[in-house]
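>
Numbering (this note's numbering), first residue to last: 6 to 628.
Pasting the structure below:
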């Protein structure tokens with residue numbers, strides 16, 4: 006078992022070096038994995054031979070030439086329209102790299118400091134959901150550790166009427182800040198979009214105009230859009246409306262439409278780019294060019310690739326100014342992206358001067374993330390630390406994903422995951438630990454300075470697990486850390502009860518209706534309010550199902566507000582039922598034989614009220 010299957014890869018980057026290394030690879034005509042240039046096509050075809058996808062396009066390139074471009078499958082399965090180099094695909098989150106390049110351009114010009122509090126560049130009072138007064142820097146946004154915890158508020162727009170200017174949109178969807186800046190990595194669309202807004206404010210140009218004028222046009226990218234409605238490129242717009250998304254039917258393995266409508270990205274600096282693979286290659290080639298055509302000074306590009314976050318106090322790089330870092334036969338920089346229609350993967354090695362792009366209109370496919378093995382080699386472990394002594398931190402416990410909402414309607418996700426897919430660490434004796442995740446077991450040995458060696462018997466990796474300033478224990482990963490929360494399993498059970506109570510309420514209501522119709526229902530004190538509580542629980546259950554059906558692309562304010570109101574009403578009615586049952590329980594006039602009914606009603610209604618309070622299901626969007 007490879008530890009990378011449990012954790013998102015933790016890896017390092019390398020500095021951009023002179024074209025000496027590029028020449029060496031070119032002379033040998035091999036990629037970092039050892040694959041000969043002449044074998045790239047056959048190796049890629051072999052890799053995808055048994056994969057399921059609608060269409061797939063991939064390109065391998067150097068700064069000067071495209072070594073290989075392959076187009077496979079049908080972009081439109083129903084009409085049998087094959088994918089070609091004019092097919093457009095969404096970049097998804099790879100769009101964020103355009104924002105990070107823009108930030109470095111403005112930094113180079115002296116207009117934007119990477120270590121200055123971002124509020125310096127924002128209107129007064131722009132950020133309203135900050136929990137801490139700590140400085141938030143642009144580097145925090147790049148490293149995704151500003152402390153925001155994403156919610157399920159919709160980032161998708163099905164209609165242009167749902168789009169608004171970037172500033173108002175960001176204030177509308179601002180998530181709660183729950184971690185100190187710089188302490189916990191939590192992948193954030195909001196943070197990246199906020200960086201795009203700062204680009205607007207600092208440059209004086211609309212974000213869409215800035216990207217077009219300073220990246221697209223200099224590189225000759227005529228067939229790539231950046232506006233969420235594709236209004237900046239008519240050629241792309243005409244083709245984007247025909248873009249369809251597909252998935253693999255788990256029952257029969259056949260390709261089928263994914264059932265999701267075309268959607269636009271509201272926080273568009275985080276994921277709205279769309280275009281052809283040949284245009285994308287132009288962008289990749291610019292980042293491989295040691296002359297750095299996107300910057301005035303090549304040193305700026307070197308700085309961008311030199312690393313911005315690391316594994317503990319080691320030199321193992323995790324992030325490099327917005328690009329994630331992978332250990333392979335070469336140490337590569339990469340970013341991937343996904344929308345409701347497409348998946349895209351972009352990876353390159355500045356040292357060898359070779360890059361790879363893969364784009365597909367299939368959602369959830371894994372082949373895009375396997376193809377780089379052909380060019381760069383498989384991921385490797387990062388065992389660089391020496392044996393050390395354990396510190397005083399007890400790292401045992403249950404861990405949950407830092408990105409899952411911590412407040413509001415969707416907070417139950419982290420607790421249910423703690424029940425269904427737990428990550429648990431237990432003491433093994435002698436200062437060592439054992440971690441179990443997804444049925445796999447890994448031995449953990451401290452090597453000092455909050456660093457631990459993870460060893461599954463086949464591979465070893467060095468990871469950082471530390472106690473934060475507030476006592477929270479965090480297992481650092483790549484895009485999303487794991488945060489210890491030993492209460493998560495209990496909260497998960499509480500939420501499960503919360504929903505099951507709705508089903509139970511339905512059954513009890515039906516029984517009562519039938520018994521009343523047959524004149525077999527014996528009333529007791531408080532029966533009416535109990536019936537109302539059961540109805541409230543049923544309403545919660547039904548509304549929860551409806552919310553998940555209606556909001557497949559994420560919550561919007563209306564259903565979120567409705568959920569808020571429903572939970573408050575349910576809690577109030579159940580609380581009233583508790584009071585009523587307590588009155589009946591101690592009433593001298595009431596039949597003591599009914600005591601068990603009162604006791605059961607009290608228990609179940611108290612649990613319901615507790616679920617609403619503990620899980621904060623009543624909160625409006627977690628704010």
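Cβ atoms here follow ideal geometry from the backbone N, Cα and C, with glycine treated the same way.
#1: Here's the rule: buried if 16 or more other CB atoms are within 10 angstroms of the residue's CB, otherwise exposed. What is residue 524?
#2: How would you write the range of the beta strand (DSSP E) that residue 450 sits in, first residue to last?
#3: In angstroms with no decimal places, state the Cα-to-Cα distance between residue 583 and residue 607.
#4: From residue 373 to residue 363, what does the alpha carbon distance come to, in whole angstroms?
#5: Name the DSSP beta bridge partners of residue 84, please?
#6: I'd like to confirm the pairing. Which residues does DSSP put opposite residue 262 in its beta bridges?
#7: Whose C-alpha, out of 514, 520, 143, is nearest the C-alpha of residue 534?
#8: Under three-state DSSP, which class holds residue 629?
#9: Can you look up residue 155 in the DSSP assignment and give me helix, strand or coil?
#10: According to DSSP, is residue 329 helix, strand or coil?
#11: Please return the same chain residues whose Cβ sits closer than 8 Å to the Cβ of residue 29, not counting the five positions on each side in sequence.
#12: Using DSSP with H/G/I as helix, E/B as strand and the rest coil, what is residue 228?
#13: Are residue 569 and residue 613 closer than 8 Å when you measure CB to CB?
#14: Between the Cα of residue 132 and the Cα atoms of 118, 151, 120, 115, which residue gives the shortest distance?
#15: So, are the CB atoms of residue 224 and residue 287 less than 8 Å apart?
#16: In angstroms, rounded to a whole number, what distance separates the CA positions of residue 201 and residue 119?
#17: Just tell me which of 406, 435, 431, 432 has its CA closest to the CA of residue 421.
#18: Just the C-alpha distance for residue 419 and residue 192, rounded to the nearest angstrom, thanks.
#19: At which residue ranges does the region 331-358 contain complete alpha helix (DSSP H) runs of 4 or more residues, listed in the order of the chain?
#20: Could you give the distance in angstroms between the alpha-carbon of residue 549 and the alpha-carbon of residue 507?
#21: Report the CB separation of residue 60 from residue 365 in whole angstroms; it is logged as a contact under 8 Å.
#22: Hey, out of 485, 323, 122, 295, whose CA is closest to residue 203's CA?
#23: Which residues does DSSP list as the beta-bridge partners of residue 161?
#24: Can you say whether residue 238 is buried or exposed, counting buried as having 16 or more other CB atoms within 10 angstroms of its CB?
#25: What's the call for residue 551, buried or exposed, on a 16-neighbour Cβ count within 10 Å?
#26: Just tell me which of 134, 57, 319, 299 has its CA closest to the CA of residue 254.
#27: I need the boundaries of the alpha helix (DSSP H) containing residue 2, first residue and last residue.
#28: List the DSSP bridge partners of residue 182.
#29: For residue 458, write down the residues that DSSP places opposite it in a beta bridge.
#30: Is it true that the CB of residue 98 sits closer than 8 Å to the CB of residue 275?
#31: Can you give me the C-alpha to C-alpha distance between residue 327 and residue 261, rounded to a whole angstrom?
#32: Between the Cα of residue 467 and those of 476, 205, 521, 483, spot the shortest distance and give me the residue it belongs to.
#33: Look at the Cβ atom of residue 619, then the Cβ atom of residue 499, and state whether they are nearer than 8 Å.
#34: With DSSP collapsed to three states, give me the class of residue 143.
#35: Which value, in whole angstroms, describes the spacing of the CA atoms of residue 209 and residue 424?
#36: Can you list, in chain order, the residues of its chain with a C-beta nearer than 7 Å to that of residue 401? Leave out the 5 residues immediately preceding and following it.
Put simply:
#1: exposed
#2: 445-453
#3: 5 Å
#4: Linking residue 373 to residue 363 through their CA atoms gives a straight-line distance of about 6 Å.
#5: Beta-bridge pairing links residue 84 to no other residue.
#6: The partner list for residue 262 (beta bridge, DSSP) reads 251.
#7: Closest by alpha carbon: 514.
#8: This structure gives no information on residue 629, because the portion of the chain shown stretches from 6 to 628.
#9: coil
#10: strand
#11: Note that residue 29 has pLDDT 38, beneath the 50 cutoff, so the model's placement of it is unreliable and no number is given.
#12: coil
#13: no
#14: 151
#15: yes
#16: 14 Å
#17: 406
#18: 15 Å
#19: none
#20: Taking the straight line from one Cα to the other gives about 10 Å.
#21: 6 Å
#22: 122
#23: Partner residues in the beta bridge of residue 161, as assigned by DSSP, are 270.
#24: buried
#25: exposed
#26: 57
#27: This structure does not reach residue 2, given that the chain is present from 6 up to 628, and the question cannot be answered.
#28: Per the DSSP secondary-structure output, residue 182 pairs in a beta bridge with 153.
#29: 450, 467
#30: yes
#31: 34 Å
#32: 483
#33: yes
#34: helix
#35: 49 Å
#36: 430, 431, 432, 438
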